[in-house]
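Those letters in the sequence shown? Residues -2 to 136, per the numbering used here, in order.
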Amino acid sequence: MSVICSSCCCLCHCVSCGTIPFPVPRAPTGLAYQNLSSTSILVSWEEPSTFNGIPDDYIISYTRVEDDTTVNATSPVTNVNITMLEKYELYVVVVYATSDKGPGEPSEPLMVFTDEDGKLHVVFVPALVLLSLSNNVLF
-2 MSVICSSCCC
8 LCHCVSCGTI
18 PFPVPRAPTG
28 LAYQNLSSTS
38 ILVSWEEPST
48 FNGIPDDYII
58 SYTRVEDDTT
68 VNATSPVTNV
78 NITMLEKYEL
88 YVVVVYATSD
98 KGPGEPSEPL
108 MVFTDEDGKL
118 HVVFVPALVL
128 LSLSNNVLF
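Take a look at the structure:
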């Protein structure tokens, strides 16, 4: 029987001598993106420091901020092309590593602003300050 351990907030397995932690994967790090067009982006990240089990796919969750619409996708590698986005919209992207222990901790959120084809934007998280290099405007 699996339970959430109240003292360490990880997935644990009850045994007669107490709980033995079996943690899920750590969070992926270094999320970055590149606009491929005004409606598609390439998101990449680094593997988590530990999978705590047999590695599986990554879950990529992206939410359009304007209407809170969320889409989930999977990738077996540390990057994914996300297409069919709306032009000039703000999205929040979060990545989870998965293993035989289940989905892991979420990455830090990546703020993505779709724009003109090929423009590069830098986002500072968690302060949620968006800097647009294409037109030198601070939002």
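Every residue gets a Cβ at the ideal spot worked out from N, C-alpha and C, and that includes glycine.
What you are looking at is a predicted structure, and each value in this text was computed from that prediction instead of being measured.
Given a cut-off of 7 angstroms on the beta-carbon distance, is the pair residue i and residue j in contact?
i	j	result
S35	K98	no
Y59	V90	yes
S46	A29	no
Between residue i and residue j, how many whole angstroms is the CB-CB distance? I'm expecting something under 8 angstroms.
i	j	result
N49	S96	6 angstroms
According to DSSP, simplified to helix, strand and coil, what is residue i?
i	result
E86	coil
G99	strand
N22	Looking at the sequence itself, residue 22 is Pro, so the reference to Asn does not match. Looking at P22 - three-state DSSP - the assignment turns out to be coil, as it is neither helix nor strand.
T71	strand
G50	coil
S41	strand
S104	coil
N76	strand
V62	coil
S35	coil
Note down the Cα distance separating residue i from residue j, rounded to an integer number of angstroms.
i	j	result
I38	P20	32 angstroms
P52	A94	8 angstroms
T80	P100	24 angstroms
C2	L33	Residue confidence is low: C2 scores 47 on pLDDT, short of 50, so the model does not pin down where it sits. Its coordinate-derived value is still stated next. Distance between the alpha carbons of C2 and L33: 43 angstroms.
G27	E43	6 angstroms
E63	D112	15 angstroms
T66	L82	11 angstroms
T75	E86	24 angstroms
P106	Y88	10 angstroms
V68	V109	14 angstroms
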